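Here's the structure we're looking at; comments come further down.
Number of protein chains: 2
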Amino acid sequence: MQSVPDARTDERLPIYQRLKDALAERIQDGAWKPGDAIPAESDLAAEFGVALGTMRKAIEGLVVQGLLERRQGRGTFVRRADLGNTLFRFFRHTGKGGRPLAPTQRLVARRTGPAGRAAAAALGLAPEDPVLWLKRLRLVDDEPLVIDEIALPLPRFEKLATVPAADFDELLYPLYERVLGVTIARATDRIAFARATAAVARPLAIATGDPVVVIERTAFGHDGEPLEWRRSHGPAERFSYDVEIR
Amino acid sequence: MQSVPDARTDERLPIYQRLKDALAERIQDGAWKPGDAIPAESDLAAEFGVALGTMRKAIEGLVVQGLLERRQGRGTFVRRADLGNTLFRFFRHTGKGGRPLAPTQRLVARRTGPAGRAAAAALGLAPEDPVLWLKRLRLVDDEPLVIDEIALPLPRFEKLATVPAADFDELLYPLYERVLGVTIARATDRIAFARATAAVARPLAIATGDPVVVIERTAFGHDGEPLEWRRSHGPAERFSYDVEIR
DNA sequence: CAGTGGTCTAGACCACTCT
DNA sequence: GAGTGGTCTAGACCACTGA
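In structure tokens, the structure reads:
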């Protein structure tokens with residue numbers, strides 16, 4: 021049987037490609053952690069036995085991919101993915117009278133249960149596989165704006181089932197990293213509109229049947245593995261999103 | 021009085037930056053037109069008196085910006101911006117039974133009138149400045165899906181006022197290029213939600229007050245000048261949009 | 001086959017950051 | 001001042017395309 025060519029050693033690939041894969045692997049493996057500085061370009065070039073320019077091209081590629089971040093005169097660092105905040109990405113920030121916004125969040129429910137069809141498809145599980153379900157309400161200036169249902173594959177996220185509810189005050193992705201060492205690198209959102217069900221309308225303090233935005237997100241790790249699925253609902257009138265094309 | 025440093029000659033900028041600006045200018049000026057091949061990298065390097073690698077870096081930048089397109093072994097070409105199709109970018113393509121979709125479009129109205137507040141702000145005009153207004157209905161499988169109101173600054177788009185209505189069968193950006201030599205390079209969309217007014221509901225064959233998506237687009241030329249503003253409405257239930265983050 | 005972009009090298013000097 | 005990334009050069013060879 022023919023051995024499958026490894027991305028790092030497949031000689032048909034350009035050197036800089038193989039370097040990219042080798043460096044990316046160090047990040048995935050956690051040898052280099054988010055926030056860390058990686059060795060100097062010249063050191064890396066020497067270590068891999070390539071010209072400086074070739075190593076630069078490899079690093080440049082990872083910078084474009086958002087894995088690394090260069091800081092002139094200081095070094096090259098493993099980037100901490102900033103996937104923004106659904107609240108501010110997708111909703112109008114009605115900063116009335118220039119007052120600073122006060123976004124807060126509250127864990128409404130936490131339970132273990134079957135993934136169901138949508139979450140299972142996104143996470144690569146069977147619908148009956150158990151996941152940790154979180155329900156979270158996000159408010160701005162004490163006004164409910166978004167309700168999230170979040171599915172996290174078990175056993176990987178088991179520890180989150182016992183973390184004190186108060187810890188869910190913070191953003192979730194940093195929490196995953198702190199508690200579980202799980203890093204979210206990338207996510208896909210799908211935006212659509214629907215009518216509010218009773219379960220969604222109540223926490224949002226709107227009427228059943230009112231128009232809502234539905235944002236379904238799948239979040240992935242550096243290795244491309246799906247780690248989290250969530251479905252968020254918010255009042256449609258508050259929704260606003262900007263897209264830049266080309 | 022100090023002369024303002026030209027992007028192409030400001031010596032504080034890296035050479036490759038100045039090269040980028042010089043090449044971009046040739047595209048803006050129409051010296052190199054969309055679809056054209058530009059001279060070989062080696063020729064350009066010689067012409068500008070720089071090393072090949074430096075010219076490559078400049079070209080690479082324009083490729084990333086979407087101005088140029090490389091084709092291995094053939095040459096480097098001026099890219100024809102493909103701003104996609106609002107229909108397929110933002111709405112579910114319900115290809116029932118695998119039948120190919122039949123998207124069509126119809127010019128519903130064409131008139132000259134004041135820009136009004138929204139269009140004027142986007143186009144950098146005064147609200148009372150005259151623009152050419154187009155109203156266009158877009159259908160898929162003979163079912164109305166999107167109604168567009170399009171504002172085009174006037175004197176520049178004057179010729180479009182007399183072009184036969186049948187020509188509006190095609191996509192607008194290629195039409196602008198063919199009839200006026202105007203190239204759209206970039207656009208910004210803002211997506212929001214509203215209730216259908218009577219004017220919007222009638223052509224879409226929905227009820228007044230039904231939920232609709234509103235997509236406001238400003239389109240720009242290579243020089244960053246706003247060239248077109250449009251507001252599109254479509255039924256909210258048919259809307260679907262995917263966003264990839266980082 | 002000639003001409004194009006794609007990869008790679010080995011060196012030089014500059015600009016920035018920190019101590 | 002030492003160490004980092006940023007720019008630039010001048011050359012070599014490879015891989016692909018089209019006539």
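Top to bottom, those sequences are chains G and W. Those letters in the first sequence? Residues 21 to 266, by my numbering. Those letters in the second sequence? Residues 21 to 266, by my numbering. Glycine included, every Cβ here is placed at the ideal spot set by N, Cα and C. In this text, all values refer to a predicted model and were calculated from it rather than measured experimentally.
- Within the region 72-104 of chain W, the complete beta strand (DSSP E) segments of 3 residues or longer fall at 88-91 and 95-98, listed in chain order.
- Take G144 (chain G), set aside five residues on each side of it, and the residues of its chain with a beta-carbon closer than 7 Å to its own are P246, in chain order.
- Cβ atoms of H253 (chain W) and V199 (chain W) stay farther apart than 8 Å, at about 26 Å.
- When G:R156, G:V166 and G:E197 are compared, the shortest CA-CA separation from F188 (chain G) is found for G:R156.
- Where F111 (chain W) is concerned, there is no enclosing beta strand (DSSP E), because DSSP gives it neither an H nor an E.
- For E67 (chain G), the uninterrupted alpha helix (DSSP H) run begins and ends at E61 to F68, by DSSP.
- Judged by beta-carbon spacing, Y193 (chain G) lies within the 7 Å limit of I204 (chain G), meaning their Cβ atoms are closer than that value.
- Here I167 (chain G) has V128, K155, R156, L157, R158, V220, P223, L224, S252, H253 and G254 as same chain residues with Cβ atoms under 8 Å from its own Cβ, once five neighbours each way along the sequence are excluded.
- By the criterion of a C-beta distance shorter than 6 Å, A122 (chain G) is surrounded in its chain by D161, once the five residues flanking it on both sides are discounted.
- Around Y261 (chain G), the beta-carbon contacts reaching into chain W at under 9 Å are D209, R210, I211, A212, Y261 and V263.
- Going by DSSP, I35 (chain G) is part of the alpha helix (DSSP H) stretching over I35 to Q48.
- At least 7 Å separates the CB of P194 (chain G) from every CB of chain W.
- Contact of R266 (chain G) with chain W is assigned, a C-beta pair being separated by under 7 Å.
- Note on R32 (chain G): under 16 other CB atoms within 10 angstroms of its CB, so exposed under the neighbour-count rule.
- Close partners of V233 (chain W) in chain G (Cβ separation under 8 Å): F213.
- Within 9 Å of the CB of G86 (chain W), the CB atoms of chain G belong to R266, in sequence order along the chain.
- Under the three-state reduction of DSSP, F188 (chain W) is assigned to helix.
- Taking the Cβ atoms as the reference, T132 (chain W) lies roughly 11 Å from A171 (chain W), outside the contact range of under 8 Å.
- Neighbourhood of R206 (chain W) in chain G, by CB distance below 9 Å: E264, I265 and R266, in chain order.
- Spatial neighbours of G95 (chain W) in its own chain (CB-CB distance under 6 Å, excluding positions within 5 residues in sequence) are listed in chain order as A57.
- Residue environment analysis places T124 (chain W) among the exposed positions, since fewer than 16 neighbouring C-beta atoms fall within 10 angstroms of its C-beta.
- Three or more beta-carbon pairs separated by less than 8 Å link the region 67-82 of chain G to the region 32-42 of chain G, which places the two stretches in contact.
- In terms of Cβ geometry, M75 (chain G) and E89 (chain G) do not form a close pair [threshold 7 Å].
- In the DSSP secondary-structure assignment, W153 (chain G) is bridged to G:R131 and G:A171.
- In this structure, DSSP gives G254 (chain G) an extended state, which the three-state scheme calls strand.
- Not a single C-beta of chain W is nearer than 7 Å to the C-beta of L152 (chain G).
- If you check the CB distance, P54 (chain W) and R100 (chain W) come in under 7 Å.
- For A256 (chain W), the closest Cβ of chain G is nearer than 7 Å.
- A distance below 8 Å between beta-carbons, with the five flanking residues on each side excluded, links T217 (chain W) to the following residues of its chain, in chain order: T228.
- Between Q92 (chain G) and H242 (chain G), the C-beta spacing is not below 7 Å.
- Cβ atoms of I265 (chain G) and R266 (chain W) stay farther apart than 8 Å, at about 18 Å.
- Here DSSP, grouped into helix, strand and coil, assigns L121 (chain W) to coil.
- Under the DSSP assignment, R176 (chain G) falls outside any alpha helix (DSSP H); it carries neither an H nor an E label.
- Closest in alpha carbon position to T106 (chain G), among G:A146, G:R126, G:L165 and G:E257, is G:L165.
- Contact note: A101 (chain G) reaches chain W through I265 and R266, using a C-beta cutoff of 9 Å and chain order.
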